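Quick note on UniProt numbering: the sequence shown kicks off at 1 and runs consecutively.
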Amino acid sequence: MNKFKFLIFFKKKLTHLERKMNTEIVQPFSQYSLAEQNINNSKHNIIWFDGEMTGLDVNKHTLIEAAIIVTDGNLKILAESSNIIIHQPDEILENMEEWPLKQHTLSGLIENVKKSNISIEQADQMLYDFIKPFAPKGMCPLAGNSIYMDRTFIKKYMPKLESQLSYRLIDVSTLKELFKYGLNIILILINNTLETRDNK
């Protein structure tokens, strides 16, 4: 499993962005920070999820590994789960897409999935129990790289975890794409969002 490299990227880019905001456009952002006020309150925590699947079609494929990191709004790590390897029967593994089958066979994950005695229901309960002390029900966003895809699998296969999360997502892949166009487009988007909020 790619151990949350996207979290390092996200923190680096946000630090760069915050510097830019503080030095070039202080006035529009003077009453805000990158995280909301009272960021020590657990409702501002972020749930970073990284999962491995047997493929990308949620109707045919399923989860085989999952892990979570909880950070506060400044991306300080508060808690880190273990990698949970989820048992799947041979008939599921035989229907894997070509890329994950090759990748996860080489990494040894497929063999570990066969040996695991953790069901997907148990994995759901474990991750739910893990985030509950840090995430008031329905308040904390789910974050990660192309996290919309992980979210579709969470909704189908991990209903307890899903029930604790906010509907909001923080997708690092969006930030990566925006940075291809430079900081200006990000600053424009943030400024427009804040102006809309102020005018409500």
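We put the CB at the ideal spot given by N, CA and C, even for glycine. Model, not experiment: these values are computed from the prediction.
heavy atom of the ligand NAP below 7 Å from residue i C-beta
i	result
Ile118	This structure does not include the ligand NAP; it has no bound ligands of any sort.
Nearest to residue i (by Cα), restricted to the options the options
i	options	result
Gln164	Leu142, Ile170, Thr71	Leu142
Met144	Asn45, Phe49, Lys43	For clarity, residue 144 is Gly in the given sequence; the question names Met instead. Checked all of Asn45, Phe49, Lys43; the closest Cα to Gly144 is Phe49.
Met139	Tyr157, Asp90, Leu169	Leu169
Ile118	Ile64, Leu101, Glu91	Ile64
Phe130	Lys180, Leu56, Ala66, Lys60	Ala66
Ser42	Leu75, Gln122, Tyr148	Leu75
Gln122	Tyr157, Met53, Glu177	Tyr157
Neighbourhood of residue i by C-beta distance below 6 Å, restricted to the same chain and skipping five residues each side
i	result
Glu155	A small correction: the amino acid at residue 155 is Lys; Glu does not occupy that position in the sequence shown. Cβ neighbours of Lys155 beyond the five flanking positions: Glu162.
Glu97	Gly55
Own chain, CB closer than 7 Å to residue i, minus 5 neighbours either side, in chain order
i	result
Ser146	Asp171, Ser173
Lys160	Asp124, Gln125, Tyr128
Asp150	Phe49, Gly51, Gly144
His87	Val113, Ser116, Asn117, Ile118, Ser119
Thr152	Val58
Tyr148	Leu169, Asp171
Tyr181	none
Beta bridge counterpart(s) of residue i as assigned by DSSP
i	result
Asp171	Gly144
Asp129	In DSSP, Asp129 forms no bridge with anything.
Val70	Ile47, Ala79
Met53	Leu63
Ile84	Ala66
Whole-angstrom C-beta distance between residue j and residue i, which should lie under 8 Å
i	j	result
Ile110	Thr62	The Cβ separation is near 13 Å, so there is no contact.
Ile85	Val113	6 Å
Ile92	Ser81	The Cβ separation is near 23 Å, so there is no contact.
Asn83	Lys60	Not a contact, Cβ separation roughly 24 Å.
Beta-carbon contacts of residue i that lie in its chain and below 8 Å, excluding the five residues immediately before and after
i	result
Glu36	Only weak support is given to the placement of Glu36: the predicted model assigns it a pLDDT of 43, under 50, and the question is left unresolved by the model.
Thr71	Leu7, Asn45, Ile46, Trp48, Ile77, Leu78
Ser166	Gly138, Met139, Cys140, Pro141, Leu142
Pro100	Glu52, Met53, Thr54, Gly55
Ile39	Here the model assigns Ile39 a pLDDT of 42, short of 50, so the residue's position is not dependable and the matter cannot be decided.
Quick check: the stretch 90-108 against the stretch 127-137, are there 3 or more CB pairs under 8 Å?
no
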